[in-house]
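Residue numbering for the sequence shown follows our numbering, beginning at 64 and increasing consecutively.
Virtual Cβ for every residue (Gly too), placed ideally from N, Cα, C.
Written out below as structure tokens is the structure these notes cover.
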Amino acid sequence: MPPLTMSTPPTFPTLLSHLLTTYSAPVLPSPSPYPHEPSLNHPITSLSLHPTLEALLHILNSDLASAHFLVRKMQAPPAYEGMLIHAVLHRVEGDYRNAEAWYGDVFHGEEQECGGKGCLERCWGGGREGLERCLGFVRRVEGLRKEGKKATVGRGDGGEGSDEHTGLEDLERESRREIE
64 MPPLTMSTPP
74 TFPTLLSHLL
84 TTYSAPVLPS
94 PSPYPHEPSL
104 NHPITSLSLH
114 PTLEALLHIL
124 NSDLASAHFL
134 VRKMQAPPAY
144 EGMLIHAVLH
154 RVEGDYRNAE
164 AWYGDVFHGE
174 EQECGGKGCL
184 ERCWGGGREG
194 LERCLGFVRR
204 VEGLRKEGKK
214 ATVGRGDGGE
224 GSDEHTGLED
234 LERESRREIE
């Protein structure tokens, strides 16, 4: 799909829709250190969105530096949405231990302050089961990345990888659900 054309000023819904339909939900670290569409940086920042929404658009555009700049300012309660986005960012970067720590911080903070009712519950379900579902997702992503590296090194006949492809599609669906 071609880059977004700006015949009218972009809105959050148009940018979100464009990024979600043009690129897959981020699961594995991007092979490129550059954003998918560098030209979207200015339209995203010009919307004057809440930093969590802006960070999500940057993550979807694979502009991880811009996303990190925003989430580093939301590192403590009660900014649980920002903390959750920080966890997503670390997962997308491939920093799985840090992602797990951030997800855990969100869980424990929301348990203490909100009785577990919050953004982690909305994404993954309530209680410790929701946290375990979330951490299991991170571990499956990490496992897929490790398997992908092995398959890339060991692939000879080109016939391998269909299970990996199915696994990636499942993880993309979960990643998209988490982001939406």
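Checklist entry - Does DSSP put residue 138 in a helix, in a strand, or in coil? => result Three-state DSSP puts residue 138 in coil, outside helix and strand.
Checklist entry - Per DSSP, what kind of secondary structure is residue 147 in: helix, strand or coil? => result helix
Item to check | Cut-off 6 Å between Cβ atoms - residues of its own chain near residue 161, not counting five sequence neighbours on either side | outcome: These residues qualify, in order along the chain: 153.
Next on the checklist: residue 197 and residue 207 - do their beta-carbons sit closer together than 8 Å?
Outcome noted: Result no, Cβ atoms of residue 207 and residue 197 do not sit closer than 8 Å.
Next on the checklist: Quick check: residue 146 and residue 169, are their CB atoms within less than 8 Å of each other?
Outcome noted: Yes. Within cutoff.
Checklist entry - Going by other Cβ atoms of all chains shown within 10 Å of its Cβ, with 16 needed for buried, is residue 139 buried or exposed? => result Looking at its Cβ environment, which holds fewer than 16 other Cβ atoms inside 10 Å, residue 139 is exposed.
Checklist entry - Alpha carbon to alpha carbon, how far is residue 155 from residue 71? => result 31 Å
Item to check | Cβ distance (whole Å) where residue 117 is taken to contact residue 103 below 8 Å | outcome: Not confirmed; about 11 Å, so no contact.
Next on the checklist: Please state the DSSP three-state secondary structure of residue 109.
Outcome noted: helix
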